[in-house]
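Structure, as structure tokens:
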Amino acid sequence: MKFSENWLRELVTVDADRAALVHALTMAGLEVEEVTTLGEGLDGVVVAEIIEATKHPEADRLQVCKVDAGQGEPLQIVCGAPNARVGIRVPLATVGASLPGGIQIKAAKLRGVESFGMLCSAKELDIDADASGLLELPADAPVGTPLAAYLGLPDASIELKITPNRPDVLGLNGLAHDVAALFGSHVKSIGVGDAPVTSAATRAVKLDAGADAPRYLGRVIEGIDASTKSPLWLAERLRRSGIRPISAIVDVTQYVMFELGHPLHAFDNDTLSGTVVARHAAEGETLKLLDGSEAKLDPSFVVIADDAKALAVAGVMGGFDSRVTDDTRNIFLEAAHFAPSAIMGRARKLGLHTDASHRFERGVDPALPRRALERATELLLAIAGGKAGPISSAERPEDLRDHAPVLLRHARLRRVLGIDVAAAEVTRIFTALGMGVVEVADGWQVTPPSSRFDIEREEDLIEEVARIHGYERIPTTTPAGKIALMPEAETRLSEMQLRDQLAARGYYEAVTLSFVSAELLKTWGVDHAWVPLANPLSADLAVMRTSLLPGLIEALRYNRARQQERVRLFEVARSFHATGGAPDEIGRVAVVASGAARAEQWGEATRTVDFFDLKGDLDALIARTGEPERWSTDTNDLPSWLHPGRGARVLRDGHPAGFIGALHPALAKALDLGTDVHVLEVALEPILARRLPRASRVTRFPAVRRDIAMELPEEVTWASVEGAVRGVLGDVLKEIRLFDRYAGKGIDEGRKSLAMGLILQDASRTLTDDDADARVAEAVGVLEKTCKARMRG
1 MKFSENWLRE LVTVDADRAA LVHALTMAGL EVEEVTTLGE GLDGVVVAEI IEATKHPEAD
61 RLQVCKVDAG QGEPLQIVCG APNARVGIRV PLATVGASLP GGIQIKAAKL RGVESFGMLC
121 SAKELDIDAD ASGLLELPAD APVGTPLAAY LGLPDASIEL KITPNRPDVL GLNGLAHDVA
181 ALFGSHVKSI GVGDAPVTSA ATRAVKLDAG ADAPRYLGRV IEGIDASTKS PLWLAERLRR
241 SGIRPISAIV DVTQYVMFEL GHPLHAFDND TLSGTVVARH AAEGETLKLL DGSEAKLDPS
301 FVVIADDAKA LAVAGVMGGF DSRVTDDTRN IFLEAAHFAP SAIMGRARKL GLHTDASHRF
361 ERGVDPALPR RALERATELL LAIAGGKAGP ISSAERPEDL RDHAPVLLRH ARLRRVLGID
421 VAAAEVTRIF TALGMGVVEV ADGWQVTPPS SRFDIEREED LIEEVARIHG YERIPTTTPA
481 GKIALMPEAE TRLSEMQLRD QLAARGYYEA VTLSFVSAEL LKTWGVDHAW VPLANPLSAD
541 LAVMRTSLLP GLIEALRYNR ARQQERVRLF EVARSFHATG GAPDEIGRVA VVASGAARAE
601 QWGEATRTVD FFDLKGDLDA LIARTGEPER WSTDTNDLPS WLHPGRGARV LRDGHPAGFI
661 GALHPALAKA LDLGTDVHVL EVALEPILAR RLPRASRVTR FPAVRRDIAM ELPEEVTWAS
721 VEGAVRGVLG DVLKEIRLFD RYAGKGIDEG RKSLAMGLIL QDASRTLTDD DADARVAEAV
781 GVLEKTCKAR MRG
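Structure follows, in structure tokens:
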């Protein structure tokens, strides 16, 4: 929020300079983002009137002006401003003046004509950015008066960064209470009484939006002159608050919003029909807004309407057809209270952000509508004339929030802050902040004003004391006590160890967004049980990811588009799945790889990464668990995004844990990728669990090796073979090694030969040849029975 420093100082006495004020606001949690000084160094600049203007004899774009500066004799000024003309009153920098931009004013000759001063634009005086022409002053501006005194300069435009929990300081009256508390002052009352009712004109109002719109007030003002310009003092306060003055009616509503913090809106009363109602929009209802855009509405919006049509999107923007123009003579001025939840996100849904929506979606004081309406009426009658009718009102008291008193205990305040704050100081702080305070035996009973939505519990009051008393006055004390170290379980790997392992194998860690587009998940075929966002930043970030791979592949595409031919990426993160209640978050590790299997070198021929390269990386991760025998792969139930002939399902204890393989050619084509992209995604928890190593005595009995070659169908996996052999031989089998695979001449089509070495050892005795032969026979038998294998001759 931006405001005029002088305006604030009129509302509250501040016995401190600008630097101290800015520092105090920032330290109290109202961060000052920018301070723009206005009108400093304007000595020698006065109000002047152009009484004569003739064309320069030697220049088409210059005029020779005679200017009355209140010095008796008119001054001759050569001026090139397009709006220089007889009768206007403008700023004149006299000879000897020094303007803020460093311009020294001297008597000079311009194209042979003498000039004794300079007529100025607002930009040249550093009071506004407008450099299109001379700054035109009101016709009653006193000639010869120093401009700084006339405009109330010097001043400063101060911009605050207001946190969402402090909507009360989005009006200067609310900010003044904080300043009063900080500087031990008091807020000067804004004299808002009941405006005189001199007209019987009225318009009925009603509520039909439930708790979303619990209070609505309005009044008719007849005979108003909408073409009237705002007085200088009001226009300047708006200008220094970042608002361009438009007309008296619009400016007054803006002024009251900045002064009290409550948005208002004025309708052309002659365009309205019947009763004004606050209701929910109909499905598909449309409204042309003040900016000319077409708003497409649904029942989540609250609208202000009459008997025939919608007039405004409540809390956001008014409608075009009921707007106030220079021809308007009768207005209907409204002030309402809307529930923040009814306004939150609605402006963004329409692609808008307005001062009204900024306030209403954070929360506006429900007690302010009548006060704001009376204040605006008072100003309009004084500036633009007219006759005010009685106020029409409708409200739902049961939906208007009442603030309950909150107890603050002496002991709790001392314990949390670590210091003693005098009881009188605590009472002063709460009183200055506009709160009701009653001292009780063990502390204070504090009733927050209706504007302070953020005061709900004792801790909120302690925060108020701390920030007003001063965080810098609270000493920094190192906490005492013992810190318990949480031991890491040895039966679980850390995620950092997992990351280190993948980084050691040549992968780079990527961090992708948890939000993706719904279309991307549909392209992958992983769009089941997704979690949509209620208020996404964009369509490309509308749902939570159900897999890490879509985002990781997008990162791979980004790198490949920038001439990175060999890409290795991994991510350890969570996927999100709808369950009807709170979404399930599942930890996963995902890997993507493309390009050459190894970096370019002289010692090995270049080849493209394949399934077994990624399988080797998976085996390296599994080896860290100490239980590789619990892991296996098969080709059942593969997802649609995986290549059916170059992919596998990863299992732990026979239960699915993930997938590995090449992307399906159709998906690779849809994503504009080559056929060399391989991926891996497995659940995180199974791969972090590890068996605790146990020491055992080294047996003194020798191991025996027997090699066998089995011919079996091509579709039988090595995992099936290994599992069958381990199952029948038990502890006697210490290791099984696959050392050859053959298919071709001498082997039936559709079959293969696997040669394996069986390492046999008994911990209690030496195995004889007969023992070894018997074990081999058991292995061959189980393979013949379960894997359709036969011994190769």
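Read left to right, the sequence shown gives residues 1 to 793 (UniProt numbering).
We put the beta carbon where it would ideally sit given N, CA and C, even for glycine.
- For Leu461, the three-state DSSP class (helix, strand or coil): helix
- Look at the Cβ atom of Arg240, then the Cβ atom of Val220, and state whether they are nearer than 8 Å. no
- Query: Within this structure, are the beta carbons of Leu160 and Leu368 separated by less than 8 Å?
  - Reply: no
- Keeping to the same chain, check which residues put their C-beta closer than 6 Å to that of Ala131; ignore five residues upstream and five downstream. Ser121 and Lys123
- Item | Same chain only: Cβ atoms within 6 Å of Pro390, ignoring 5 sequence neighbours per side | Val197 and Thr202
- Item | Through-space distance from Pro245 to Ile343, alpha-carbon basis | 26 Å
- Message: With a threshold of 8 Å, are at least 3 pairs of Cβ atoms found where one atom belongs to the region 306-317 and the other to the region 351-359?
- Response: yes
- Just checking my contact of Leu153 with Leu232 at CB under 8 Å: how many whole Å lie between their CB atoms? Wrong, their Cβ atoms sit about 12 Å apart, outside the cutoff.
- Item | Distance, Leu549 Cα to His353 Cα | 36 Å
- Per DSSP, the bridge partner or partners of Phe570: Glu509 and Val591
- Task: Would you mind listing the beta strand (DSSP E) stretches within the region 303-387 that are 3+ residues and don't spill past its ends, in chain order?
- Result: 310-313 and 331-337
- Environment of Glu283 [buried if 16+ CB atoms lie within 10 Å]: exposed
- Query: Around the C-beta of Pro263, are 16 or more other C-beta atoms found within 10 angstroms, so that it is buried, or is it exposed?
  - Reply: buried
- Task: Would you decide whether Leu8 is buried or exposed? Buried here means 16 or more other CB atoms lie within 10 Å of its CB.
- Result: buried
- Please look up how many angstroms separate the CB atoms of Phe659 and Leu671, rounded, as I've assumed it's under 8 Å. Between Leu671 and Phe659 the Cβ distance is about 17 Å, and since that is not below 8 Å, they are no contact.
- Message: I'd like to know if the region 47-61 and the region 85-99 are in contact, where contact means that at least 3 CB-CB pairs between them fall below 8 Å.
- Response: yes
- Query: If you run the structure through DSSP and keep just helix, strand and coil, what is Trp524?
  - Reply: helix
- Task: Return the chain-ordered list of same chain residues with a C-beta closer than 7 Å to the C-beta of Ser451, the five sequence neighbours on each side being excluded.
- Result: Asp168, Gly174 and Asp365
- Query: Do the region 768-777 and the region 718-725 make contact, defined as three or more Cβ pairs closer than 8 Å?
  - Reply: no
- Query: Is the number of C-beta pairs between the region 203-213 and the region 447-463 that are closer than 8 Å three or more?
  - Reply: no
- Message: Between the alpha carbons of Asn636 and Pro644, how many angstroms are there, rounded?
- Response: 10 Å
- Task: Look at Val302 and Ala213 and say whether their C-beta atoms are less than 8 Å apart.
- Result: yes
- Message: Only counting the same chain, and skipping five residues up and downstream in sequence, which positions put a Cβ closer than 6 Å to that of Asp707?
- Response: Gly757
- Query: What do you get for Trp631, buried or exposed, if any count of 16 or more other CB atoms within 10 angstroms of its CB means buried?
  - Reply: buried
- Message: Between which two residues does the alpha helix (DSSP H) holding Leu260 run?
- Response: Ala248 to Leu260
- Message: Here's the rule: buried if 16 or more other CB atoms are within 10 angstroms of the residue's CB, otherwise exposed. What is Tyr255?
- Response: buried
- Where the beta strand (DSSP E) through Trp444 begins and ends: Gly443 to Thr447
- Task: Within 10 angstroms of the Cβ of Leu21, are there 16 or more other Cβ atoms? Answer buried if so, exposed if not.
- Result: buried
- Message: Check for me: the beta strand (DSSP E) holding Glu439 runs from which residue to which?
- Response: Gly436 to Val440
- For Gly626, which residues does DSSP report across the bridge? None, per the DSSP bridge assignment.
- Could you check if Phe612 is buried or exposed, using at least 16 other CB atoms within 10 Å of its CB as the buried criterion? exposed
- Query: What three-state label does DSSP hand Gly647 in the structure shown?
  - Reply: strand
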